[in-house]
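What follows is one structure encoded as structure tokens, with my remarks underneath.
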Amino acid sequence: MAERTGSARDELRERAQKVDPRYTEGELLVVASGRNQSEAELIANLLLEEGIPSVTRRSRGFDVPDMLAAGRRDLLVAASALPAAREVLLQSEIVDESEPYRPSPLKLLGGLLAGVVAVGAVLVLVALVGR
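Numbering of the sequence shown is given in numbering that gives the first Met the number 0, commencing with residue 0 and proceeding in unit increments.
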């Protein structure tokens with residue numbers, strides 16, 4: 000058992016040495032998705048070979064544990080790595096150049112609500128100053 004632990008530790012150390020620190024800053028953003036766990040791991044390893052660390056998670060609607068390795072997986076990278084990751088994936092033809100980046104629906108909703116609150120605040124100020 001100790002041999003396996005040492006082997007796993009060596010593998011983690013090797014993976015960590017491949018990471019370029021420039022690509023670790025900022026929030027996590029979705030850069031691509033795989034049709035299943037195997038495809039997502041292939042993409043993650045492709046990115047890691049270029050020094051780009053990534054995180055894999057189940058896509059919305061596919062987060063049922065009974066699906067095991069089946070179902071879509073999102074690959075997330077740090078904001079600083081997004082342009083480099085897109086370039087790597089474009090060169091390997093994993094993503095299409097016409098495929099636009101879509102922000103998280105929650106962030107979009109938050110932005111819209113903030114805009115509505117700002118407009119409401121301006122209208123209240125105008126009403127108060129007009130008295």
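Positions of the beta carbon are idealized from the N, C-alpha and C atoms, including for glycine.
Distance between beta carbons of residue j and residue i, contact taken as under 8 Å
i: I93; j: I42; result: 6 Å
i: N44; j: G70; result: Not confirmed; about 19 Å, so no contact.
i: S91; j: R21; result: In fact, because the Cβ distance is near 20 Å, the residues do not count as touching under 8 Å.
i: A31; j: L74; result: 5 Å
Cα-Cα separation, residue i to residue j
i: A83; j: L105; result: 25 Å
i: A117; j: S103; result: 21 Å
i: A1; j: V18; result: Only weak support is given to the placement of A1: the predicted model assigns it a pLDDT of 49, under 50, and the value that follows is read from those uncertain coordinates. A1 and V18: Cα-Cα distance of roughly 26 Å.
i: S58; j: R72; result: 5 Å
i: V121; j: R8; result: 57 Å
i: V54; j: V123; result: 45 Å
i: R14; j: T23; result: 14 Å
i: V87; j: E49; result: 8 Å
i: V115; j: R56; result: 32 Å
i: T4; j: E10; result: 10 Å
i: R130; j: L107; result: 35 Å
i: S6; j: R12; result: 10 Å
i: A113; j: G25; result: 22 Å
i: G109; j: A126; result: 26 Å
For residue i, three-class secondary structure by DSSP
i: A77; result: strand
i: A69; result: coil
i: R34; result: coil
i: M0; result: With a pLDDT of only 46 at M0, under the threshold of 50, the placement of this residue in the model should not be trusted; the figure read from the coordinates follows. Here M0 sits in coil by DSSP.
i: R130; result: coil
i: V18; result: coil
Reference residue i, options the options, closest by Cα
i: L146; options: L27, D19 and A15; result: As displayed, the chain neither begins before 0 nor continues past 130, which places residue 146 out of reach and without an answer.
i: L47; options: V128, A113, R56 and V76; result: V76
i: R85; options: R130, V29 and A39; result: V29
Contact test: residue i Cβ vs the ligand SAH heavy atom, cutoff 7 Å
i: E24; result: The model on display carries no ligand, and the ligand SAH is accordingly not part of it.
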